[in-house]
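Contents: one structure, followed by commentary.
Number of protein chains: 2
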Amino acid sequence: MLTVDGLQYSNWSREIFEQMREGGVDAVHATLVYHETTRETLSRMGEWNRRFEEHADLIMPVRQASDIERARQAGKVGIFLGAQNCSPIEDDVDMVEVMRDLGLLIMQLTYNNQSLLACGCYEAEDSGITRFGRQVIREMNRVGMVIDMSHSGERSTLDAIELSSRPVIISHANPASFHPAKRNKSDRVLKAIAECNGLLGFSAYPFHLRNGSDCTLSEYCEMIARTADLMGVEHLGIGTDLCQNQPTSILDWMRNGRWSKEMDYGEGSATNAGWPTPLAWLRDSRDFPNLIEGLRGVGFAEQEVAGIMGRNWVALLERAAAPEQGLNRVA
Amino acid sequence: MLTVDGLQYSNWSREIFEQMREGGVDAVHATLVYHETTRETLSRMGEWNRRFEEHADLIMPVRQASDIERARQAGKVGIFLGAQNCSPIEDDVDMVEVMRDLGLLIMQLTYNNQSLLACGCYEAEDSGITRFGRQVIREMNRVGMVIDMSHSGERSTLDAIELSSRPVIISHANPASFHPAKRNKSDRVLKAIAECNGLLGFSAYPFHLRNGSDCTLSEYCEMIARTADLMGVEHLGIGTDLCQNQPTSILDWMRNGRWSKEMDYGEGSATNAGWPTPLAWLRDSRDFPNLIEGLRGVGFAEQEVAGIMGRNWVALLERAAAPEQGLNRVA
Chain A
7 MLTVDGLQYS
17 NWSREIFEQM
27 REGGVDAVHA
37 TLVYHETTRE
47 TLSRMGEWNR
57 RFEEHADLIM
67 PVRQASDIER
77 ARQAGKVGIF
87 LGAQNCSPIE
97 DDVDMVEVMR
107 DLGLLIMQLT
117 YNNQSLLACG
127 CYEAEDSGIT
137 RFGRQVIREM
147 NRVGMVIDMS
157 HSGERSTLDA
167 IELSSRPVII
177 SHANPASFHP
187 AKRNKSDRVL
197 KAIAECNGLL
207 GFSAYPFHLR
217 NGSDCTLSEY
227 CEMIARTADL
237 MGVEHLGIGT
247 DLCQNQPTSI
257 LDWMRNGRWS
267 KEMDYGEGSA
277 TNAGWPTPLA
287 WLRDSRDFPN
297 LIEGLRGVGF
307 AEQEVAGIMG
317 RNWVALLERA
327 AAPEQGLNRV
337 A
Chain B
7 MLTVDGLQYS
17 NWSREIFEQM
27 REGGVDAVHA
37 TLVYHETTRE
47 TLSRMGEWNR
57 RFEEHADLIM
67 PVRQASDIER
77 ARQAGKVGIF
87 LGAQNCSPIE
97 DDVDMVEVMR
107 DLGLLIMQLT
117 YNNQSLLACG
127 CYEAEDSGIT
137 RFGRQVIREM
147 NRVGMVIDMS
157 HSGERSTLDA
167 IELSSRPVII
177 SHANPASFHP
187 AKRNKSDRVL
197 KAIAECNGLL
207 GFSAYPFHLR
217 NGSDCTLSEY
227 CEMIARTADL
237 MGVEHLGIGT
247 DLCQNQPTSI
257 LDWMRNGRWS
267 KEMDYGEGSA
277 TNAGWPTPLA
287 WLRDSRDFPN
297 LIEGLRGVGF
307 AEQEVAGIMG
317 RNWVALLERA
327 AAPEQGLNRV
337 A
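So the protein lines, in turn, are chains A and B.
FYI, our numbering numbers position 70 of the first sequence as 76, with every residue one higher than the one before it.
FYI, our numbering numbers position 253 of the second sequence as 259, with every residue one higher than the one before it.
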């Protein structure tokens, strides 16, 4: 079964790539950066180029939706890159096309804070998409860079969906009705994502789950089944948010970047500052077959399972990540 | 006749692109940067992306040799980008592949000064290719970025040819035997360029010519004929070094970058500080047909003229700018 994980940010290694193959994962949306500048983003690209060279037998870059099928047929894991913030473009609309040319297929308009484009889900007030944000949405639509609102505020998310001519996604979050976390999404947002022909990737990050690390596989799959009723199954995928083997310094970078002198604990707290305990049924990419079984267990038909496990992600990239026709990009 | 100009750095405008079409120019090696950092180089890329969008009826990007024929068939001018210095990669070998992915097909290892890679032709002493330079040559060979030694010193040029597994070029200069300028090349260098299956693009910049701006078309074409005897006609092309409509501030940037507090006049002098007077027979790209006539006039066969005017440049890009097989680049 073609399998796509719609978000991981692991401490990439040969072992992790081998686990993906073992778990039957054909493609992964890998986070490239959180708060890196344009120049720093290029260094992260350089690191991925080295990985593609060194592990050419296991992984390959995904620059367009059809590369996922190519990866699958080559027995490799396709990697598509995304940014969890708009820092790669700094204040420069021209960097959207430059980054897309380098293979950045997905970009969040904000991490948790206000950005130059939109408002994050941790701010007290969300004033919606900024003037620069409107220009960037138009440019992302043109070059085929997918707008991801996973860490954005409600109003900004609804604004972005309204302004964008192409589908908007939430690559990794869950319904707030399942678990009321700041990062989870209201039914209103989820319906708007479905209406724009976008996609929700279900997160397996314990902070986004009812009962946290103790959330069971059947509870998780029941959540997906209920969301299918709300959004339509074709708009659902997986976005585990797996962050394997990362030191807590990475958690600090994600949460604090360069913006805070005091420690910000994000979804954690001073007494619970570290990485959450992983789910027993999704310790790493080798456990993906558990998800297939879980989805079957809550009554999804085989074609629906195939959609949720990967086909819906491929279809989303086909409709949202292809450059507009006539754009002078070499295919 | 398929026509390629192997170097221009004009003040790009619709008028200039229209002149290229009028002159039958199918592709131009356009200088992207002189001394720009990695980040600044991306802004220059962004400016080209805007030009490709705004003038999509006239120009298109060349990412591989075959794009030149595509441009010709579409009635457009293909633009391939090159750097006149190694500043786009700063001190970072990973930036070679990143820049190649963005369409930088050609890079000089030095401008006139010592660089991190090699020695320029204006330094008192040339100690050859540096440690970093060896790594970068290997990486340029791997990703298919053409090594251009137009502004380099003699020893560095010979070293680079020796170290490179792929052809090395001089995109814009002339034989020193024709006119003994620091930027022109010895017979020894020219023979080594031919032996590595590289290419010399003949410059039409008056400082590189006997009698400067008064050099005649037949003197220029006689120079080409004599060089064909030395190098073989298949290793010859055109690299006019046309810098149309540029203010003298650009000449200052080329010559002084950020490295000098005193004015350096490069090939000029305090009493001759500005742009040289253009050649009467090559005022702009509309005059390219004069070159065809001039080459016929000194006795070149029609196929040899076709080679010099463009086919040799296409063949050079085929053998020197294609990524090594197995490299994970989307074609």
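The beta carbon of each residue, even a glycine, is placed where N, CA and C say it ideally should be.
**Asked** What's the gap between the Cα of residue 208/A and the Cα of residue 295/A?
**Response** Numbered from 1 along the first sequence, position 202 holds the residue referred to as residue 208/A. Numbered from 1 along the first sequence, position 289 holds the residue referred to as residue 295/A. Cα to Cα, the separation comes out at about 16 Å.
**Prompt:** Alpha carbon to alpha carbon, how far is residue 299/B from residue 149/B?
**Reply:** To locate residue 299/B, count along the second sequence from 1; it is residue 293. To locate residue 149/B, count along the second sequence from 1; it is residue 143. Computed Cα separation, rounded: 37 Å.
**Prompt:** Should residue 264/B be flagged as near chain A, meaning a C-beta pair shorter than 8 Å?
**Reply:** Here residue 264/B refers to the residue found at position 258 when the second sequence is read from its first residue. Chain A contact via Cβ: absent.
**Asked** What are the residues of the region 289 to 302 of chain A that lie near chain B, defined by any Cβ-Cβ distance shorter than 7 Å?
**Response** If the cut-off is 7 Å between Cβ atoms, the region 289 to 302 of chain A has nothing near chain B.
**Asked** Between residue 93/B and chain A, is there a C-beta pair that is closer than 8 Å?
**Response** Start at 1 with the first residue of the second sequence, and residue 93/B comes out as number 87. Chain A, which has no Cβ nearer than 8 Å to the Cβ of residue 93/B, makes this no.
**Prompt:** Do you know whose CA, among 117/B, 186/B, 140/B, lies nearest residue 39/B's CA?
**Reply:** Sequence index remark: in the second sequence, residue 39/B carries index 33 (1-based). Closest option to residue 39/B, Cα to Cα, is 117/B.
**Item:** residue 177/A: first and last residue of the uninterrupted beta strand (DSSP E) it sits in
**Value:** Reading the first sequence from its first residue, position 171 is the one you call residue 177/A. Run containing residue 177/A: 174 to 179, per the beta strand (DSSP E) assignment.
**Prompt:** What does DSSP give as the partner residues of residue 278/A in its beta bridges?
**Reply:** Here residue 278/A refers to the residue found at position 272 of the first sequence. Residue 278/A is bridged by DSSP to 275/A.
**Request:** Assign residue 80/B to one of two classes, buried (16 or more other C-beta atoms within 10 Å of its C-beta) or exposed (fewer than that).
**Result:** For the purposes of this step, residue 80/B is taken as the residue at position 74 of the second sequence. So residue 80/B ends up on the exposed side.
**Item:** Rounded C-alpha distance that separates residue 29/B from residue 152/B
**Value:** Your numbering for residue 29/B matches position 23 in the second sequence. Your numbering for residue 152/B matches position 146 in the second sequence. Taking the straight line from one Cα to the other gives about 26 Å.
**Below-8 Å beta-carbon distance, residue 235/A vs any chain B residue** = Position 229 of the first sequence, counted from the first residue, corresponds to residue 235/A. Not an interface residue.
**Asked** To which residues does DSSP link residue 114/B through a beta bridge?
**Response** Position 108 of the second sequence holds residue 114/B. Beta-bridge pairing links residue 114/B to 154/B.
**Item:** Coarse secondary structure for residue 197/A, derived from DSSP in three states
**Value:** Mapped onto the first sequence, residue 197/A falls at position 191. Residue 197/A: helix per DSSP, three-state reduction.
**residue 35/A in three-state terms, based on DSSP** = Here the question's residue 35/A lines up with position 29 in the first sequence. Strand.
**Request:** In the DSSP assignment, find the unbroken alpha helix (DSSP H) run with residue 100/A in it and report its ends.
**Result:** Translated into positions along the first sequence, residue 100/A becomes position 94. 100 to 107 is the span of the alpha helix (DSSP H), which, as asked, contains residue 100/A.
**Item:** Whole alpha helix (DSSP H) elements within the region 260 to 330 of chain A, 4-residue minimum
**Value:** Within the region 260 to 330 of chain A, the complete alpha helix (DSSP H) runs of at least 4 residues are 294 to 303, 308 to 312, 318 to 326.
**Request:** Kindly confirm or deny that the region 221 to 237 of chain B and the region 261 to 276 of chain B touch, where touching means at least three C-beta pairs closer than 8 Å.
**Result:** No: fewer than three Cβ pairs fall under 8 Å.
**Message:** Output needed in chain order: residues of the region 245 to 265 of chain A with a Cβ under 8 Å from some Cβ in chain B.
**Reply:** Flagged: no residues at all.
**Asked** In its own chain, which residues sit with a C-beta less than 8 Å from the C-beta of residue 99/A, not counting the 5 before and 5 after it?
**Response** Indexing the first sequence from 1 puts residue 99/A at position 93. Closer than 8 Å at Cβ, skipping near neighbours: 138, 141, 142, 145.
**Request:** Give the range of the alpha helix (DSSP H) segment to which residue 13/B is assigned.
**Result:** The residue you call residue 13/B lines up with position 7 of the second sequence. Element bounds for residue 13/B: not the alpha helix (DSSP H) but the beta strand (DSSP E), 10 to 14.
**Asked** Where does the unbroken alpha helix (DSSP H) through residue 238/B begin, and where does it stop?
**Response** The residue given as residue 238/B occupies position 232 in the second sequence. Going by DSSP, residue 238/B is part of no alpha helix (DSSP H) at all; its letter is neither H nor E.
**Request:** Look at the alpha carbon of residue 34/B and the alpha carbon of residue 25/A, and state the distance between them as a whole number of angstroms.
**Result:** Within the second sequence, residue 34/B is the residue found at index 28, counting from 1. Within the first sequence, residue 25/A is the residue found at index 19, counting from 1. Cα to Cα, the separation comes out at about 47 Å.
**Buried/exposed call for residue 322/A, threshold 16 Cβ in 10 Å** = For the purposes of this step, residue 322/A is identified with residue 316 of the first sequence, where counting begins at 1. Around the beta carbon of residue 322/A, 16 or more other beta carbons lie within 10 angstroms, which makes this residue buried.
**Request:** Measure from the C-beta of residue 72/B to each C-beta in chain A and report whether the shortest distance is under 8 Å.
**Result:** The residue you call residue 72/B lines up with position 66 of the second sequence. No, residue 72/B does not count as interfacial toward chain A.
**Item:** From 53/A, 32/A, 297/A, 90/A, residue whose alpha carbon lies closest to that of residue 19/A
**Value:** Start at 1 with the first residue of the first sequence, and residue 19/A comes out as number 13. Out of 53/A, 32/A, 297/A, 90/A, 53/A has the C-alpha closest to the C-alpha of residue 19/A.
**Request:** Just the C-alpha distance for residue 311/A and residue 42/A, rounded to the nearest angstrom, thanks.
**Result:** Here residue 311/A corresponds to residue number 305 of the first sequence, with the count starting at 1. Here residue 42/A corresponds to residue number 36 of the first sequence, with the count starting at 1. Looking at the two C-alpha atoms, the distance is approximately 36 Å.
**Message:** Check whether the region 238 to 253 of chain B and the region 284 to 292 of chain B are in contact - that is, three or more C-beta pairs closer than 8 Å.
**Reply:** Yes, the region 238 to 253 of chain B is in contact with the region 284 to 292 of chain B.
**Request:** Name, going along the chain, the residues of the region 53 to 70 of chain A whose beta-carbon falls closer than 8 Å to a beta-carbon of chain B.
**Result:** Taken in chain order, the members of the region 53 to 70 of chain A whose beta-carbon sits within less than 8 Å of a beta-carbon on chain B are 53, 55, 56, 58, 59, 62, 66, 67, 69, 70.
**Asked** Which word fits residue 277/B, buried or exposed, when buried means at least 16 other C-beta atoms lie within 10 angstroms of its C-beta?
**Response** On the second sequence, residue 277/B is found 271 positions in, with the first residue counted as 1. So residue 277/B counts as exposed.
**Message:** Quick check on residue 104/A - is its C-beta less than 8 Å from some C-beta in chain B?
**Reply:** As a first step, residue 104/A must be located in the first sequence, where it is residue number 98. With 8 Å as the cut-off, residue 104/A counts as an interface residue toward chain B.
**Asked** How about the region 86 to 94 of chain B and the region 102 to 117 of chain B: do they share at least three Cβ pairs that are nearer than 8 Å?
**Response** Result yes; three or more Cβ-Cβ pairs closer than 8 Å.
**Prompt:** Of all the CB atoms in chain A, is at least one closer than 8 Å to the CB of residue 328/B?
**Reply:** Locating residue 328/B in the second sequence gives position 322, counting from the first residue. Not closer than 8 Å to any Cβ of chain A, the Cβ of residue 328/B fails to qualify, so no.
**Message:** Considering only the alpha carbon of each residue, which of 201/B, 103/B, 157/B lies closest to residue 190/B?
**Reply:** Here residue 190/B refers to the residue found at position 184 of the second sequence. It is 157/B.
**Request:** List the whole-angstrom C-beta distance separating residue 84/B from residue 102/B, where the pair is believed to meet the contact cut-off of C-beta under 8 Å.
**Result:** Here residue 84/B corresponds to residue number 78 of the second sequence, with the count starting at 1. Here residue 102/B corresponds to residue number 96 of the second sequence, with the count starting at 1. So it is not a contact: roughly 22 Å between Cβ atoms.
**Message:** Which residues of the region 171 to 203 of chain B have a Cβ closer than 8 Å to any Cβ of chain A? Give them in chain order.
**Reply:** So the list is empty, because no residue satisfies the distance condition.
**Prompt:** Hey, out of 31/B, 51/B, 129/B, 45/B, whose CA is closest to residue 37/B's CA?
**Reply:** Counting from one through the second sequence, the residue named residue 37/B turns up at place 31. Nearest in C-alpha terms to residue 37/B, of all of 31/B, 51/B, 129/B, 45/B, is 51/B.
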